[in-house]
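Visitor:
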Amino acid sequence: MAETSRQNETGVRDLKLIEDVLALSTCEGGGVTSLKLFVFETCPFCVRARLMAGLKGLSPELVYVAPGQTPAELEGRVDRLTVPILVDGETLIQDSTEIIRHFDSIGT
Ligand SMILES: N[C@@H](CCC(=O)N[C@@H](CS)C(=O)NCC(=O)O)C(=O)O
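Sequential numbering of the sequence shown, starting at 541, is according to our numbering.
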């Protein structure tokens with residue numbers, strides 16, 4: 541019983557930490573560069589990219605998209621809509637690992 545309670549406390553603390561880091565990666569008007577991150581609301585790959593953005597002090601503009609509905613500005617630039625997608629100026633990156641590498645290279 542005590543162990544379950546301890547695990548719950550740890551889980552709540554970890555969740556709070558994740559929420560704090562995700563909040564850091566959320567910004568209304570974009571960050572120091574014009575980063576735009578297209579995400580689904582419930583997408584673990586997107587969360588991973590957002591965590592890295594927060595850890596690296598970056599605040600990409602978040603664009604929530606609906607599954608299967610390619611935003612107009614991505615039309616013709618992606619073969620198939622999978623998220624996360626990062627647009628950094630002329631550069632488009634459509635893979636969470638590549639996005640993480642990019643954030644690592646441009647962040648603090
Ligand atoms: N390898 C990709 C996987 C991305 C991925 O599968 N994302 C899901 C959402 S969690 C998706 O966009 N699914 C839409 C689809 O497959 O049509 C990455 O790491 O970014």
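Note that the Cβ used here is the ideal one computed from N, Cα and C, for glycine as well.
If you draw a straight line from the alpha carbon of Asp635 to that of Ile558, how long is it in whole angstroms?
Guide: Here residue 635 corresponds to residue number 95 of the sequence shown, with the count starting at 1. Here residue 558 corresponds to residue number 18 of the sequence shown, with the count starting at 1. Computed Cα separation, rounded: 21 Å.
Visitor: Does the Cβ-Cβ distance between Val627 and Tyr604 come in under 8 Å?
Guide: Here residue 627 is taken as the residue at index 87 of the sequence shown, counted from 1. Here residue 604 is taken as the residue at index 64 of the sequence shown, counted from 1. Not closer than 8 Å, so no.
Visitor: From Leu653 to Phe585, what distance separates their C-alpha atoms?
Guide: The chain is shown only over 541 to 648; residue 653 falls outside these bounds and no answer can be derived.
Visitor: Quick check on the contact list: which residues have their beta carbon closer than 5 Å to a heavy atom of ligand 1?
Guide: Qualifying residues come out as Cys583, Phe585, Thr622, Val623, Asp635, Ser636.
Visitor: According to DSSP, Asp644 sits in a beta bridge with which residue or residues?
Guide: What you label residue 644 is simply residue 104 of the sequence shown in a count that begins at 1. DSSP lists no partner for Asp644.
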